[in-house]
Amino acid sequence: MHKGYVIAEWGDPHKVDQTFSVSKSFLSTSVGLAYDRGKITDVHDLARPYVAPIVLEEGDGEPGDEAGRRPKLLFESEHNRKITWDHLLRQTSDWEGTLWGKPEWADRPDNDRQPGEPGPASSQVPRMNTTIPGSIYLRSQQQASGEDLFLTCYVNTLWIRSEHHLRWRWHGYDNSWITLDGRRVQAVSGGGHWGGGMLLSAFDQARFGLLTMHKGNWNGSQLISEEWINMATTPGDVNRSYGFMNFSLNTGQRRYSNAPEYTWTHTGAGSNLIYVDPQNDLVIVCRWIRGGAFTDVVHTVLDAMGAVATNN
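This is the structure we're talking about:
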């Protein structure tokens, strides 16, 4: 998409498909709604004061607190009580425990690091963080569910004129249901390899790319604050090529050497990629492409744009 218009398409861009870790970008942006509404005062606040007990099953909980089905807290251990929203949003919390039957050690090396502390493979961000914000966000925002919130704040504006605007789904896990103000709601996930995640079309991915490119503004309506998008696209201390999940930054042109440094991609397995290039007013969506091949895609598109494109 160039200047908001579709200039080329291939395959079946209407097909609703799993977007894997691109779901994390939707999740962190939804947390931004809580921030904009004053439900989260500062991203550097500790997460602990925001979190009420959640009824969890036997085996779920922090180390030593997994017994029985009962209300449990998620930020009481010596390590977890140090975790901030910024750690969660940048996936550097190293949260310890088990949630929805998924132990934190199952998806990344156990180096026993402090929150926000870089490790030997600091580019390998722990995915367990993506189950946490989807759960505690519901508590801090007091919304029916992540999917309901997304529908209310984004879909009704971005997709209202599209005949396909109801063809997306955001799922949690079969066992990620909690009771919130007397209602049973599902905590959504930030990925798809455990199940769950966001399912939507390439056109809908492009709409989200346009929203972030325009700093949260859609046709004159500020759906998410410019301040939040600026924070999301600011490199973290642990990984300078990563902002908030799942804003993959091109800092130092290390990710895509032929793309401008200021660009970012919303990335997921598959590969699923939403390339966002504000200066060129350009959004590229690729699905089911080899990750290394995307550099060639960017080069081909910028080359086709010729003199109107900037590469730095």
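5 is the number of the first residue of the sequence shown in my numbering; add one for each residue after it.
Just so it is clear, CB atoms sit at the ideal spot from N, CA and C, and this is done for glycine as well.
None of the values given here were measured: they were computed from a predicted structure.
For residue i, three-class secondary structure by DSSP
{"i": "Ile87", "result": "coil"}
{"i": "Arg211", "result": "helix"}
{"i": "Ala313", "result": "coil"}
{"i": "Trp109", "result": "helix"}
{"i": "Asp46", "result": "coil"}
{"i": "Met217", "result": "helix"}
{"i": "Phe79", "result": "coil"}
{"i": "Ala12", "result": "coil"}
{"i": "Ala71", "result": "coil"}
{"i": "Phe30", "result": "helix"}
{"i": "Ala191", "result": "strand"}
{"i": "Asp285", "result": "coil"}
{"i": "Met235", "result": "helix"}
{"i": "Tyr246", "result": "strand"}
{"i": "His197", "result": "strand"}
{"i": "Thr299", "result": "helix"}
{"i": "Asp350", "result": "Only positions 5 to 316 of the chain appear in this structure, which leaves residue 350 out of reach."}
{"i": "Leu227", "result": "coil"}
{"i": "Asp307", "result": "helix"}
{"i": "Thr269", "result": "strand"}
{"i": "Arg52", "result": "helix"}
{"i": "Val280", "result": "strand"}
{"i": "Gln257", "result": "helix"}
{"i": "Gly123", "result": "Unreliable positioning characterises Gly123 in this predicted model, as indicated by a pLDDT of 48, which lies under 50. The coordinate reading is nonetheless provided below. Here Gly123 sits in coil by DSSP."}
{"i": "Val59", "result": "strand"}
CB-CB length for residue i against residue j, believed under 8 Å
{"i": "Val280", "j": "Met217", "result": "5 Å"}
{"i": "Trp198", "j": "Lys106", "result": "6 Å"}
{"i": "Pro282", "j": "Tyr260", "result": "That pair is no contact at about 15 Å."}
{"i": "Gly196", "j": "Gln22", "result": "5 Å"}
{"i": "Tyr171", "j": "Val20", "result": "The question names Tyr, but residue 171 is Arg in the sequence shown. Their Cβ separation, rounded to whole angstroms, is 5 Å, which keeps Arg171 and Val20 in contact under 8 Å."}
{"i": "Gly224", "j": "Phe24", "result": "Contact flag wrong, Cβ pair sits at about 32 Å."}
Counted within 10 angstroms of its Cβ, other Cβ atoms place residue i as buried (16 or more) or exposed
{"i": "Gln209", "result": "buried"}
{"i": "Asn262", "result": "exposed"}
{"i": "Asp300", "result": "exposed"}
{"i": "Thr238", "result": "exposed"}
{"i": "Glu62", "result": "exposed"}
{"i": "Lys7", "result": "exposed"}
{"i": "His48", "result": "exposed"}
{"i": "Thr304", "result": "exposed"}
{"i": "Ala297", "result": "exposed"}
{"i": "Tyr39", "result": "buried"}
{"i": "Gly150", "result": "Caution is warranted here: a pLDDT of 49 is assigned to Gly150, below 50, making its placement in the model unreliable, and no coordinate value can be reported."}
{"i": "Gly186", "result": "exposed"}
{"i": "Ala311", "result": "exposed"}
{"i": "Asn284", "result": "buried"}
{"i": "Trp109", "result": "exposed"}
{"i": "Trp14", "result": "exposed"}
{"i": "Asp16", "result": "exposed"}
{"i": "Asp98", "result": "buried"}
{"i": "Ala71", "result": "exposed"}
{"i": "Thr45", "result": "exposed"}
{"i": "Asp307", "result": "exposed"}
{"i": "Thr33", "result": "buried"}
Chain-order list of residues whose beta-carbon lies under 7 Å from that of residue i (same chain, five-residue window excluded)
{"i": "Gly220", "result": "Gln226, Leu227, Ile228, Ser229, Glu230, Trp232, Ile233"}
{"i": "Phe79", "result": "Ala51, Arg52, Val55, Arg85, Ile87"}
{"i": "Gly65", "result": "Lys76, Gly101, Thr102"}
{"i": "Arg173", "result": "Leu203"}
Beta-carbon proximity list for residue i, same chain, < 8 Å, skipping 5 on both sides
{"i": "Ile11", "result": "Met5"}
{"i": "Cys290", "result": "Ser275, Asn276, Leu277, Tyr279, Phe298, Val301"}
{"i": "Pro57", "result": "Pro75, Lys76, Leu77"}
{"i": "Gly247", "result": "Arg94, Met235, Ala236, Thr237, Thr238, Pro239, Gly240, Leu253, Trp268"}
{"i": "Tyr9", "result": "none"}
Own chain, CB closer than 6 Å to residue i, minus 5 neighbours either side, in chain order
{"i": "Trp292", "result": "Gly274"}
{"i": "Leu362", "result": "This structure does not reach residue 362, given that the chain is present from 5 up to 316, and the question cannot be answered."}
{"i": "Gly295", "result": "Ser275"}
{"i": "Lys28", "result": "Thr134, Gly194, Met249, Asn250"}
{"i": "Ile164", "result": "Confidence in Ile164 is poor, its pLDDT being 43 and thus under 50, which makes the residue's placement too unreliable to answer from."}
{"i": "Gly200", "result": "His175, Gly176, Tyr177, Ser193"}
{"i": "Met309", "result": "none"}
Residue i Cβ short of 7 Å to the ligand NAP heavy atom set
{"i": "Thr255", "result": "The ligand NAP is absent from the structure shown, which contains no ligands of any kind."}
For this session: Could you tell me whether the region 245-258 touches the region 172-181, where touching means 3 or more Cβ pairs closer than 8 Å?
Result: no
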